[in-house]
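Before any comments, here is the structure.
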Amino acid sequence: MHVLGIVGSPRVNGNTDILVDEILAGVRSSGGTIDKIYISDFDLKPCDSCMACLAGKECVLEDGWREIAPRVLKADGLVMGTPVYWNAVSAQMKIFMDRCFSFLDENYDSEIKGKSAAIVVACGSPEPAMTKISRLILEDFIKFNKMNIVGGVTGLNLQQKDDALKNQALMAEAFQIGRKFI
Ligand SMILES: Cc1cc2nc3c(=O)[nH]c(=O)nc-3n(C[C@H](O)[C@H](O)[C@H](O)COP(=O)(O)O)c2cc1C
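Each residue of the sequence shown is one higher than the last, beginning at 158 in the numbering used here.
Okay, structure coming up:
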């Protein structure tokens with residue numbers, strides 16, 4: 158099992174990154190191999206809705222997606238991590254999801270169908286309701302693309318950059334999700 162971690166926070170070693178890493182550590186502990194990207198590292202344009210992809214062409218935008226797409230396709234599993242920004246996913250994660258439209262064919266069948274997926278949502282507020290929309294967005298993306306949800310971890314009250322590290326129960330939960338990728 159080869160699993161790609163996708164970090165939708167611009168903060169290297171921040172809460173999203175820490176939790177994605179912990180899931181990847183669980184993957185490795187059960188014999189899997191891993192890869193990781195920070196979406197912010199890539200020059201990515203928003204989808205321009207040209208629909209060339211639905212007509213069987215590869216995405217026409219010439220940018221960092223040319224490097225990201227093969228890494229997504231190579232993976233058997235994805236870990237999609239986002240901080241909560243204004244009640245929703247980060248702009249980085251939204252662009253990533255929109256650009257995954259390029260994996261669809263004219264029947265809306267996706268090249269990422271059948272992969273396993275886990276989600277990470279890192280939230281500053283202690284209030285679980287604040288994560289609802291982000292979880293829904295990620296879960297709907299996974300379902301629409303006919304991927305299989307392995308599990309998800311939601312971190313609350315993560316205000317300082319490394320607060321996730323201080324929450325042992327959360328870290329243990331993330332590690333165990335990683336072990337479910339088989
Ligand atoms: C632009 C921006 C918007 C945010 N919006 C929210 C929000 O709506 N609700 C919330 O609880 N926290 C919000 N936060 C706080 C982050 O969700 C929180 O600090 C999270 O742990 C950041 O994850 P990171 O460490 O991976 O960057 C926001 C932070 C930023 C920078």
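C-beta: ideal position from N, C-alpha, C; glycine also. This structure is a prediction, so every number in the text was calculated from the model and none was measured.
{"Query": "In whole angstroms, what is the alpha-carbon distance linking V278 and N264?", "Result": "30 Å"}
{"Query": "Identify whether S187 lies in helix, strand or coil by the three-state DSSP scheme.", "Result": "coil"}
{"Query": "Cβ atoms of I180 and G335: under 7 Å apart, would you say?", "Result": "yes"}
{"Query": "How about N172: is its Cβ closer than 6 Å to a heavy atom in ligand 1?", "Result": "yes"}
{"Query": "Taking only runs of the beta strand (DSSP E) that begin and end inside the segment 247–287, which ones reach a length of at least 3 residues, in chain order?", "Result": "273–279"}
{"Query": "DSSP beta-bridge partners for V378?", "Result": "Because residue 378 is not part of the residues shown, which for the chain are 158 to 339, the question remains open."}
{"Query": "Would D255 count as contacting chain C if we go by Cβ distances under 7 Å?", "Result": "The structure shown contains no chain C, having only a single protein chain."}
{"Query": "Would you call D266 buried or exposed, if buried means 16 or more other Cβ atoms sit within 10 Å of its Cβ?", "Result": "exposed"}
{"Query": "Alpha carbon to alpha carbon, how far is G188 from S273? Give it in angstroms, no decimals.", "Result": "16 Å"}
{"Query": "Just to check, is the beta-carbon of G183 closer than 6 Å to a non-hydrogen atom of ligand 1?", "Result": "no"}
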